Amino acid sequence: RMVGIVVAAAVAMQCAHGFYLPGVAPRAFKDGEPVNMKVQTLISTETPLQFDYYQLPFCAPDKIEDIPENLGEALAGEKAHTSAYQAFMKKDEYCKTLCKKHYTANQIQEFQDFTLLDYRVNMRLDNLPVAQIIVASFQDNPEETVTVYHLGYPVGSRVPVREPTGQLTEVYHINNHIRFKIFYHPLSADTVEDDDESRSRATGSYIVGFQAEPRSVHHIVRGKWNESSPYNTLAPCSKEKEAREPMQLDPQDQSGADVVWTYDVVWERSDVKWASRWDIYLTAGEAADHKIHWFSIINSVVILLFLSGVVALIMARILRRDFARYNEAAATEEERAEAAREMREETGWKLVYGD
């Protein structure tokens, strides 16, 4: 019995190492320490169907590993995966090349389909989901603005273009350049003691925010492309947000297209404490979440009505058979003979109920 208790305790400890409760164990990263940006799913407010991140031919690391963030996500099947993105604590980096890929016309069409359905990319950093900030203004009062947080960032965008003939059409751009803005809160700022010794021991910083600014950029490679280097020379590419030619998707071009994927990492200090870092996500994409909830509710109601109809049909057939059996006892000999004659006249599919 003692051996069984020891084995059960060992299994419990192993499970505890595999999963953790989000929001319970804060982690402080030291300066220059690598932080893992993980990719998850592609979701849309236009359809309840969601896909894995690598359903589209994005850039991938040499080995893709599944990393469940917590027990709830593991049970729901929403696993996070390793990505090719790299970031280091408090180290700003610009124009880092992720990869260069040649896409066929079918793959470009797939990107366009996901863009048409407004699919968004979900990522995580230190258990925080990535969010996109959109600043909108009111039509009646343009000076008054409101900041909205949307979970994830779009795969691409649709841009209306007027042709020389005057006809208005849409072109599709792929967001192949992402600027990640990561907010951190120094651990020393939460130290209660005022002496220098206590503050020196409190090294590291907490990650309290994770944002993405997607852009579409038509990169031109200068010189020879080095697949193993994250710093290939591109044009245009700089830390400034100047106007750039977008990367347009054209599935009609049977020769395909070469797309260079790049990203920036910008760190910014924040006064938000680790315990309050989820407050900003409470208002993230409220309208989109409501729309997704309506899809789920309608889907559940349709399934419930279908199953209720099947059960009601089965119960009606059983009750009809029971009523027929009860009435048979009170029937006369002539009525029984008439029922038997009608039974003999039934042929074909009408006899299936007797099987």
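For the sequence shown, the working numbering assigns the number 18 to the initial residue and increments by one for each residue that follows.
Positions of the beta carbon are idealized from the N, C-alpha and C atoms, including for glycine.
Here the structure is a predicted model, which is why all the values come from computation and not from measurement.
Would you kindly check if the distance between the Cβ of residue j and the Cβ of residue i is under 7 Å?
i	j	result
Val283	Ala104	no
Met264	Ile195	no
Thr114	Thr250	no
His98	Ile81	yes
Pro43	Trp291	yes
Leu142	Met54	yes
Tyr120	Gly273	yes
Leu134	Thr64	yes
Lys96	Asp83	yes
Pro452	Glu161	Limits of the chain in this structure are 18 at one end and 372 at the other, which puts residue 452 out of reach.
Taking all protein chains shown into account, do 16 or more other C-beta atoms lie within 10 angstroms of the C-beta of residue i, making it buried, or fewer, making it exposed?
i	result
Gly229	Looking at the sequence itself, residue 229 is Ala, so the reference to Gly does not match. Classification of Ala229: buried, given that the 10 Å Cβ count is 16 or more.
Thr62	buried
Pro231	buried
Asn193	buried
Ala354	exposed
Glu214	Reliability of the predicted coordinates at Glu214 is poor, the pLDDT of 49 falling under 50, and no value is obtained from them.
Val209	With a pLDDT of only 47 at Val209, under the threshold of 50, the placement of this residue in the model should not be trusted; the figure read from the coordinates follows. So Val209 counts as exposed.
Ile60	buried
Arg294	buried
Tyr102	buried
Ser154	exposed
Val56	buried
Ser246	exposed
Ser325	exposed
Ser317	exposed
Phe227	buried
Ala333	exposed
Please report the Cβ distance between residue i and residue j, rounded to the nearest whole angstrom; I am assuming they are in contact, meaning their Cβ atoms lie under 8 Å.
i	j	result
Trp242	Lys117	6 Å
Thr58	Asp48	No, Thr58 and Asp48 are not in contact; Cβ-Cβ is about 32 Å, not under 8 Å.
Arg179	Tyr189	That belief does not hold up - the Cβ atoms of Arg179 and Tyr189 are roughly 16 Å apart, past 8 Å.
Thr164	Val147	About 16 Å; that fails the 8 Å criterion.
Phe128	Leu266	6 Å
Cys112	Cys254	4 Å
Leu168	Asn139	7 Å
Restricting to Cα atoms, I'd like to know which of the options is closest to residue i.
i	options	result
Gly173	Phe227, Arg141, Leu73 and Ala333	Leu73
Asp296	Leu266, Val225, Asp135 and Leu324	Val225
Phe200	Ile314, Tyr223, His235 and Ile331	Tyr223
Ser233	Gly169, Thr164 and Arg261	Arg261
Asp288	Pro203, Phe340, Phe227 and Val277	Pro203
Val277	Ile237, Ser293 and Asp267	Ile237
Leu66	His167, Glu244 and Arg137	Arg137
Lys107	Phe340, Lys198 and Glu187	Lys198
Asp270	Pro78, Asp109, Asp79 and Ala122	Ala122
Ile150	Met140, Pro181, Tyr170 and Glu161	Tyr170
Asp130	Gly183, Met332, Pro268 and Ala341	Pro268
Tyr3	Glu285, Arg286, Tyr298 and Asp109	The requested residue 3 does not occur in the structure, where the chain is confined to residues 18 to 372.
Asp109	Asn158, Leu322, Arg286 and Ala341	Arg286
Asp275	Ala329, His235 and Leu321	His235
From the beta carbon of residue i, is the nearest beta carbon of chain C less than 7 Å away?
i	result
Ala122	The structure shown contains no chain C; it is built from a single protein chain.
Report task. Give, in chain order, every unbroken run of the beta strand (DSSP E) that is at least 3 residues long and sits entirely within the stretch 131–217. Result -> Here the runs fully enclosed are 136–142, 148–154, 162–168, 173–179, 185–191 and 194–203.
Query - Contained beta strand (DSSP E) runs [length at least 3] in the stretch 223–298, N- to C-terminal order - result: Look at the stretch 223–298 and you find these whole runs of beta strand (DSSP E), each 3 residues long or longer: 274–286.
Requested in this report: Let me know the beta strand (DSSP E) ranges lying completely inside the stretch 36–122, each 3 residues or longer, listed in chain order.
Outcome: Listed in chain order, they are 54–61 and 110–120.
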